[in-house]
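Numbering (this note's numbering), first residue to last: 2 to 298.
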């Protein structure tokens, strides 16, 4: 079993009930999150969490959150600066009675061989996208970090750290390399301006197609109902000198872009025109190993 300490922040979102019926709910904080995020918050059950994107009007991802329903208050898990995030959220809430609070928290992610035995030794048996809490910390079954069996543990985690073998800790760079090799898109890498979530393999976990309007919904729906987007995310084996954000050139034409590259420079994630995507094909030193349309989660 491996583990890593992640620099993530927790924001508590709560609010008051209103006489207004906003999309079938009168909890203003619930309606607020539902209106600005890409996934279904209204129907998110207590003890469950989901993955969300905040999009711009063109449907491009700006940031992402894991959203936890903790007895009808919500916890946002984000890598973004929490003070800047709250400032942005306050501008969006308008007249809604919604309050934000930064929660003191440390965050671990544990994964790999015997991870489920470790969780069961804590007396837990969690379904995917569910969580349990003690008075000190939360434990969540989250397969989206690396596309493998893994658990987020956050809060006051000193007792948990005492149970972990320091030799099993991995570095942030090792974690990033695993993300790339496992075809997991990342905000500001594969999820960024001028890229639609539908071009990645995570959209089924991030987008609700029947929740109604939210920022960017029209752009996403327009592409979805027209069919598959012209580009697709893919994993490449690299046998040439190429950097992140470099175009993939084949036969003198740009057919894609590289967005993430491992430390050794041998594996990368990027986007390629669907019409040109052929697994095993060598595009002048860049071999398309796998089209990443499905996520192992």
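C-beta: ideal position from N, C-alpha, C; glycine also.
Handout entry: Whole alpha helix (DSSP H) elements within the stretch 123-163, 4-residue minimum
Key = 159-162
Handout entry: Beta-carbon proximity list for residue 291, same chain, < 8 angstroms, skipping 5 on both sides
Key = 184, 235, 236 and 280
Exercise for the section: Compute the Euclidean distance between the alpha carbons of residue 298 and residue 251, then round it to the nearest angstrom. Expected result: 33 angstroms
Exercise for the section: Could you give the DSSP three-state label for residue 181: helix, strand or coil? Expected result: helix
Practice task
Taking only the alpha-carbon atoms, compute the straight-line gap between residue 204 and residue 114 and give it to the nearest angstrom.
Solution key: 27 angstroms
Handout entry: residue 116 versus residue 54: straight-line alpha-carbon distance, rounded
Key = 28 angstroms
Exercise for the section: Just the C-alpha distance for residue 209 and residue 166, rounded to the nearest angstrom, thanks. Expected result: 39 angstroms
Handout entry: Beta-carbon proximity check, residue 199 vs residue 62, cutoff 7 angstroms
Key = no
Problem - Spatial distance of residue 121 from residue 274 (CA atoms) - result: 44 angstroms
Problem - Where residue 215 sits in the DSSP three-state scheme - result: coil
Problem - CB of residue 68 within 7 angstroms of CB of residue 15, strictly - result: no
Exercise for the section: Can you grab the Cα-Cα spacing for the pair residue 265 / residue 179, in whole Å? Expected result: 12 angstroms
Exercise for the section: Whole angstroms is fine: what's the gap from residue 270's alpha carbon to residue 181's? Expected result: 6 angstroms
Practice task
Could you work out which residue in 17, 161 and 268 is closest to residue 98 when comparing CA atoms only?
Solution key: 17
Problem - Delimiting residues of the alpha helix (DSSP H) encompassing residue 86 - result: 83-93
Practice task
Pull up the DSSP beta-bridge partners for residue 119, would you.
Solution key: In DSSP, residue 119 forms no bridge with anything.
Handout entry: Contacting residues, own chain, Cβ-Cβ under 6 angstroms from residue 212 (five flanking each side not counted)
Key = 41
Practice task
Look at the alpha carbon of residue 287 and the alpha carbon of residue 194, and state the distance between them as a whole number of angstroms.
Solution key: 24 angstroms
Handout entry: Helix, strand or coil at residue 206 [DSSP, three-state]
Key = helix
Practice task
Classify residue 97 as helix, strand or coil using the three-state DSSP reduction.
Solution key: coil
Exercise for the section: Check whether the Cβ atoms of residue 70 and residue 47 lie closer than 7 angstroms to each other. Expected result: yes
Practice task
Given a cut-off of 7 angstroms, decide if residue 9 and residue 80 are closer than it, judged by their beta-carbon atoms.
Solution key: yes
Handout entry: Continuous alpha helix (DSSP H) assignments of at least 4 residues falling wholly in the stretch 218-288
Key = 218-227
Practice task
Whole angstroms is fine: what's the gap from residue 11's alpha carbon to residue 51's?
Solution key: 15 angstroms
Handout entry: Opening and closing residue of the alpha helix (DSSP H) in which residue 12 lies
Key = From DSSP, residue 12 is part of no alpha helix (DSSP H) but of the beta strand (DSSP E) over 10-16.
Practice task
May I have the straight-line CA-CA distance separating residue 111 from residue 254, to the nearest angstrom?
Solution key: 43 angstroms
Practice task
Answer yes or no: do residue 156 and residue 137 have a C-beta to C-beta separation smaller than 7 angstroms?
Solution key: yes
Practice task
Excluding the 5 residues preceding and the 5 following residue 218 in the sequence, name in chain order all residues of the same chain whose CB lies nearer than 7 angstroms to its CB.
Solution key: none
Practice task
Return yes when the Cβ of residue 262 is within less than 7 angstroms of the Cβ of residue 245, no when it is not.
Solution key: yes
Handout entry: Element boundaries [alpha helix (DSSP H), containing residue 28]
Key = Counting along the chain, residue 28 falls outside any alpha helix (DSSP H), though it belongs to the beta strand (DSSP E) covering 26-28.
Exercise for the section: Could you tell me the distance, in whole angstroms, from the CA atom of residue 60 to the CA atom of residue 257? Expected result: 20 angstroms
Problem - Extent of the continuous beta strand (DSSP E) to which residue 201 belongs - result: Premise fails: residue 201 is in no beta strand (DSSP E) and is neither H nor E.
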